[in-house]
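Per numbering that gives the first Met the number 0, the very first residue in the sequence shown carries number 0; after that it's consecutive. Working notes, structure below.
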Amino acid sequence: MSTPQETSPTRRATGATTAGSAPAAAATPEAATPEPAPEPTVVATTAATPEPAAVTGEPGAEPEKPRRGRPKGTSTARTTRTIELTLTVSGTADGDWQAELKQGTTWLSRGLPVTATAVARAAQELHAELAGPIEAVIGAAREQRAARVAALEAELEQARKALAEIED
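Shown next, in the form of structure tokens:
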């Protein structure tokens, strides 16, 4: 009953239809009449459920029965409980730093003012990979502050000269 125009077995398996629906159309234009629904193949059902003998590797072997009690090698000791704390340190471009501490969903401390030196020291104590980027941010803020101080000193000097000219 096979014809050269029949679709491949994988094509038939994907083209299978449910009862009451139209069967899949043929791939070639000569066979425009609908085909009857393809029969299911045995390969698809046996590949999904392997035999117990195939799992154990022994022919005719029965699957292992679960043993009673605790499996060997498991410890009765309690596992170590971890404590998670979230420390958030934030700073502004002006160099104002603050810290917040949270445990789970509970805030332990909020908005505590800290110095840039303390932030750099704490980062160095925690890990060297943390200290590098934090020191770069603090260095950039320090340069901005120094530039602002220099600008204010220049403005102060001009104001002193203007005041000296008025008094003379």
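Glycine included, every Cβ here is placed at the ideal spot set by N, Cα and C.
- Within its own chain, no residue has a Cβ closer than 6 Å to the Cβ of Ala149 once the five positions on either side in sequence are excluded.
- In its chain, beyond the 5 residues on either side, Val118, Ala119, Ala122 have a beta carbon closer than 8 Å to the beta carbon of Ile133.
- Distance between Ile165 and Glu152, taken at the CA atoms: about 20 Å.
- Taking the CA atoms as reference points, Ile82 sits about 25 Å from Pro112.
- In the DSSP assignment, Thr87 falls within the beta strand (DSSP E) that extends over 84-90.
- In the structure shown, the three-state DSSP call for Lys101 is strand.
- Under the three-state reduction of DSSP, Gly138 is assigned to helix.
- Here the alpha carbon of Glu154 sits roughly 12 Å from the alpha carbon of Leu162.
- Ala92 is not a Cβ neighbour of Gln157, given a cutoff of 8 Å.
- Inclusion of Thr114 and Trp96 in the CB contact set at 8 Å is warranted, their separation being smaller than that value.
- Here the C-alpha atom of Leu86 lies approximately 18 Å from the C-alpha atom of Val136.
- Straight-line measurement puts the Cα of Lys101 at about 20 Å from the Cα of Leu129.
- The Cβ-Cβ distance between Glu99 and Gly90 does not fall below 8 Å.
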